[in-house]
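1 is the number of the first residue of the sequence shown in UniProt numbering; add one for each residue after it. No residue lacks a Cβ here, since even glycine has one placed at the ideal position from N, Cα and C. As the structure is a prediction and not an experimental result, all values here were calculated from the model.
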Amino acid sequence: MGEPEGIAAIVLAAGYSSRMGDCKPLLRLGPYSAVEHAVRCFFRAGIRDVRVVTGHRAEAVAAAVRPLGAGVIFNPRFDQGMYSSVQAGVETLGAEVEAFFLLPADHPLIRVSTIEKMLHYYRTGKKGIIYPAYGGRRGHPPLISARYVYEIRNGTYPDGLQELLNKYEHDALDVAVEDEGVVLDMDTPEDYRNLLYYLESRAVPTVEECRRILREARVSEAVWEHCHTVAALAFSLVKHLNRAGVELDEDLVLAGALLHDVARAQPQHARAGAELLQARGYPRVAAVVAAHMDIDVDEAKPLAEAEVVFLADKMVKGRGIVSISDRLAGMLETYCYDRQACRAARQRLKKAELIKKKVEKILGRPVEAVQPENWLSRETNSTEVEVNA
């Protein structure tokens with residue numbers, strides 16, 4: 001996606017954080033602070049006008065976000081509540097801004113895809129207030145048309161911005177997103193612990209998020225079915241392996257298998273798919289996808305998630321499960337006039353055989369005895385988009 005013209009993002013990071021007992025914008029969530037996560041999300045979505053409103057511990061917050069390229073707005077009235085910070089941020093918006101995101105820094109783990117989807121519906125629709133919704137619940141950040149700037153700047157609303165926005169419900173649109181982060185905040189230490197857990201778990205997309213990615217990539221019905229068959233087999237394999245004492249990430253295997261051919265229509269599709277997933281914030285899944293066409297296999301090293309996905313992919317032709325030898329025969333027939341392709345096919349299937357031996361050594365039985373998880377094949381490739389007016 002290109003840079004969205006006329007769109008700004010305001011991150012609110014001025015409050016006292018009294019219930020938390022520490023400065024929420026500066027709390028660490030993995031390698032970044034909360035406010036850094038928020039700013040980086042908008043930049044990664046292509047928004048270049050990102051402004052952070054500071055107040056309590058203003059210098060420390062400013063020092064965290066300035067190196068990222070964000071503008072800093074100090075709110076001298078920050079002790080009067082969040083609405084004063086909303087006003088401080090909105091007052092800096094010029095005529096070039098047609099709409100703006102508004103995100104409290106204590107909602108830091110928003111997905112880039114959520115921002116992109118909201119922008120899409122703002123551009124293609126007629127509503128002036130766009131809310132992300134997860135599981136039917138509205139979340140943050142809203143995307144607000146600049147036509148509300150004057151009233152925000154000059155209005156008095158004891159219950160804050162939401163009181164103002166509620167007046168214009170007729171101009172609002174809920175956009176369903178597969179992003180629990182839009183409804184997760186961190187007001188208390190327990191909330192903070194929950195966000196830390198969520199950050200670790202969200203490194204891998206859920207099944208529904210994987211399916212949404214496949215739909216957005218507009219994969220063919222054949223690719224959809226192939227990916228689900230590979231995932232059904234890979235997921236069953238990893239569950240049996242873990243029961244046998246291996247410690248593999250089942251969610252990573254499932255997501256990697258579902259998304260391994262997400263860029264199937266593109267040249268060098270393994271690399272293209274990995275780049276797509278890296279851009280969406282899934283580096284671990286990207287690494288699995290990058291390896292599904294070529295992988296280094298060391299029989300002396302422990303089995304890895306990427307090897308399970310590689311093996312499952314080489315045991316599926318279309319939507320049918322086949323032996324590796326049958327898969328090779330089919331590939332050689334397909335590429336019979338291309339020596340280089342035949343050579344590459346033999347090399348890939350040889351690696352699959354090595355992985356198969358590693359798996360069977362752990363399981364103590366043939367891989368063919370493992371039945372796929374059939375529930376994964378029940379979902380169809382529907383391109384319907386969930387939007388509630």
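Residue range 49–54 is occupied by the beta strand (DSSP E) that includes R51. Short of 6 Å from the beta carbon of I115, and not among the five residues preceding or following it, lie these beta carbons of its own chain, in chain order: A45. Cα atoms of E368 and S323: separation of roughly 8 Å, rounded to the nearest angstrom. Sequence-distant Cβ neighbours of A290 in its own chain, meaning closer than 7 Å and more than five residues away, are A270, R271, A274. In chain order, A306, E307, F310, K351 place their CB closer than 7 Å to the CB of I295, counting only its own chain and leaving out the 5 sequence neighbours on each side. Counting only the Cα atoms, M20 lies some 22 Å from P76. Less than 7 Å divides the Cβ of H260 from the Cβ of H292. Counted as a single uninterrupted DSSP element, the stretch harbouring I110 is not any beta strand (DSSP E), since DSSP gives it neither H nor E.
When DSSP states are grouped into helix, strand and coil, K239 belongs to the helix group. The C-alpha of G160 lies about 33 Å from the C-alpha of E200. About 5 Å separates the beta carbon of V53 from that of I73, a gap short enough to meet the 8 Å contact definition. For A38, the number of other beta carbons within 10 angstroms of its own is at least 16, and it is reported as buried. Cβ-Cβ separation between A105 and A34: approximately 5 Å, consistent with a contact (criterion under 8 Å). Contact annotation, R284 with V204: C-beta distance approximately 6 Å; criterion of less than 8 Å satisfied.
Pairing R327 with S17, the inter-Cα distance amounts to about 59 Å. Put simply, the backbone Cα of R57 is about 22 Å away from that of E190. When DSSP reads this structure, A8 sits in a beta bridge with D49, F100. Residue burial annotation: H107 is buried, with at least 16 other C-beta atoms found within 10 angstroms of its C-beta. DSSP places V175 inside the beta strand (DSSP E), whose first and last residues are 172–176.
In this model, L143 and L103 are separated by some 9 Å (Cα to Cα). Every beta strand (DSSP E) of 3 residues or more that sits fully in the segment 124–156 is shown, in chain order, as 129–134, 143–145. E225 is positioned such that its CB atom lies closer than 7 Å to that of R319. R19 sits in coil when the DSSP states are folded into three classes, being neither helix nor strand. Counting along the chain, the unbroken beta strand (DSSP E) around V72 starts and ends at 71–74. One alpha carbon belongs to L93, the other to F43, and they sit about 18 Å apart. The straight-line gap separating the alpha-carbon atoms of A95 and R111 is approximately 28 Å.
Counting the other Cβ atoms within 10 Å of the Cβ of E299 gives fewer than 16, which makes it exposed. G181 carries a helical assignment under DSSP once its states are collapsed to helix, strand and coil. Inter-residue distance for I321 and T229 is about 8 Å (C-alpha atoms, whole angstroms).
Cβ contact annotation for V183 (same chain, cutoff 7 Å, sequence separation greater than five): Y134, R137, G139, in chain order.
Counting C-beta pairs with one atom in each stretch, the segment 211–219 and the segment 248–265 have three or more that are closer than 8 Å, which means they touch. In chain order, V72 place their CB closer than 7 Å to the CB of R66, counting only its own chain and leaving out the 5 sequence neighbours on each side. Taking a contact as a CB-CB distance under 8 Å, the pair G125 and L173 counts as one, their CB atoms being some 6 Å apart. The closest CA to that of A64, considering only Q278, M82, A13, is found on A13. With respect to the C-alpha of I152, the residue from G89, V288, M315, C210 having the closest C-alpha is G89. As the crow flies, the alpha-carbon of Q80 is around 12 Å from that of Y157.
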